[in-house]
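Numbering (this note's numbering), first residue to last: 438 to 593. Some notes on the structure that comes next.
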């Protein structure tokens, strides 16, 4: 049986995890909240618990939670007998993150194709933009299939 990690080790992990998410484009406070919720034994935390765990202010928690709710990475719920909002990390949050990234790939493809048409498909710029669009389309299709496969193999 593995010993429970120390609070300091947990905090260091959350910060390292948040750093990776931040480097991938997730806002810092939202990344820290996701990290804290991910390592919560129940997967749920109140705003006060998040503020205490991350040593941040309630307004910082509020902004991060609002953003994570808007992109459906977490949900808000009331637990029986509690008057406080509890936030729960979405079970398939990482597939959801990649789905959002995949939507961006579709937009990148679209704008690249538009640019190729604008500059002419046979021009140097048009050729580069067509290659970019083809690449984005290729990755988009593969990522979409991988997410579907993941969900089929890991139903929740």
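Backbone N, C-alpha and C fix where the C-beta goes; we use that ideal spot for every residue, glycine too. Since this is a predicted model, take the numbers as computed values, not measurements.
message = Taking 9 Å as the threshold (C-beta atoms), are residue 533 and residue 509 in contact?
response = Working through the chain shown from its first residue, we reach residue 509 at position 72. Working through the chain shown from its first residue, we reach residue 533 at position 96. Going by beta carbons, residue 509 and residue 533 fall inside the 9 Å limit.
message = I'd like the list of long-range same chain contacts for residue 580, defined as Cβ closer than 8 Å, with 5 residues on each side in sequence excluded.
response = Walking along the chain shown from the start, residue 580 turns up at place 143. If we look at residue 580 and ignore the five residues flanking it on each side, its Cβ neighbours are 535, 538, 539 and 542.
ask   = Beta carbon of residue 501, beta carbon of residue 469: below 9 Å?
value = One-based indexing of the chain shown puts residue 501 at position 64. One-based indexing of the chain shown puts residue 469 at position 32. In contact: residue 501 and residue 469 (Cβ atoms closer than 9 Å).
message = Determine whether the beta carbon atoms of residue 466 and residue 497 lie at a separation below 9 Å.
response = Residue mapping note: residue 466 aligns to position 29 of the chain shown, counting from 1. Residue mapping note: residue 497 aligns to position 60 of the chain shown, counting from 1. Yes, they are a contact pair.
key: Pair within 9 Å by beta-carbon distance, residue 589 and residue 570   = As a first step, residue 589 is located in the chain shown; it is residue number 152 there, counting from the start. As a first step, residue 570 is located in the chain shown; it is residue number 133 there, counting from the start. Going by C-beta atoms, residue 589 is not nearer than 9 Å to residue 570.
request  = Buried or exposed for residue 503, please, with buried defined as at least 16 other CB atoms from any protein chain shown within 10 angstroms of its CB.
outcome  = The residue given as residue 503 occupies position 66 in the chain shown. Classification for residue 503: exposed.
task = Check residue 579 in the structure and name its three-state DSSP category.
result = The residue given as residue 579 occupies position 142 in the chain shown. Three-state result, residue 579: helix.
query = When you compare each of 521, 439, 494 and 507 to residue 527 by their alpha carbons, which one comes out closest?
reply = Within the chain shown, numbered from 1, the residue matching residue 527 stands at position 90. When only C-alpha atoms are compared, the closest one is 507.
key: Delimiting residues of the beta strand (DSSP E) encompassing residue 515   = For the purposes of this step, residue 515 is identified with residue 78 of the chain shown, where counting begins at 1. Counting along the chain, the unbroken beta strand (DSSP E) around residue 515 starts and ends at 511 to 515.
inquiry  = Let me make sure I understand the geometry here. Which of 479, 484 and 530 has the alpha-carbon closest to that of residue 458?
reply    = Numbered from 1 along the chain shown, position 21 holds the residue referred to as residue 458. Taking each of 479, 484 and 530 in turn and checking the Cα distance to residue 458, the smallest one comes out for 530.
task = Specify, as a first and last residue, the run of the beta strand (DSSP E) that residue 526 falls within.
result = Translated into the one-based positions of the chain shown, residue 526 becomes position 89. From DSSP, the beta strand (DSSP E) with residue 526 extends over 522 to 526.
query = What is the residue span of the alpha helix (DSSP H) that residue 466 lies within?
reply = Taking the first residue of the chain shown as position 1, residue 466 is located at position 29. 465 to 475 is the extent of the alpha helix (DSSP H) around residue 466.
ask   = Expressed to the nearest angstrom, what Euclidean distance is found between the alpha-carbon atoms of residue 549 and residue 517?
value = Here residue 549 refers to the residue found at position 112 when the chain shown is read from its first residue. Here residue 517 refers to the residue found at position 80 when the chain shown is read from its first residue. Rounded to the nearest whole angstrom, the C-alpha separation of residue 549 and residue 517 is 50 Å.
Cβ-Cβ distance between residue 448 and residue 485 below 9 Å = As a working note, residue 448 is residue 11 in the chain shown. As a working note, residue 485 is residue 48 in the chain shown. No, these two residues do not count as a Cβ contact at 9 Å.
message = Tell me which residues share the same chain as residue 495 and place their Cβ nearer than 7 Å to its Cβ, disregarding the 5 neighbours each side in the sequence.
response = Stepping through the chain shown from its first residue, residue 495 is reached at position 58. The beta carbon of residue 495 is closer than 7 Å to those of 484 and 488 in its chain, skipping five residues each way along the sequence.
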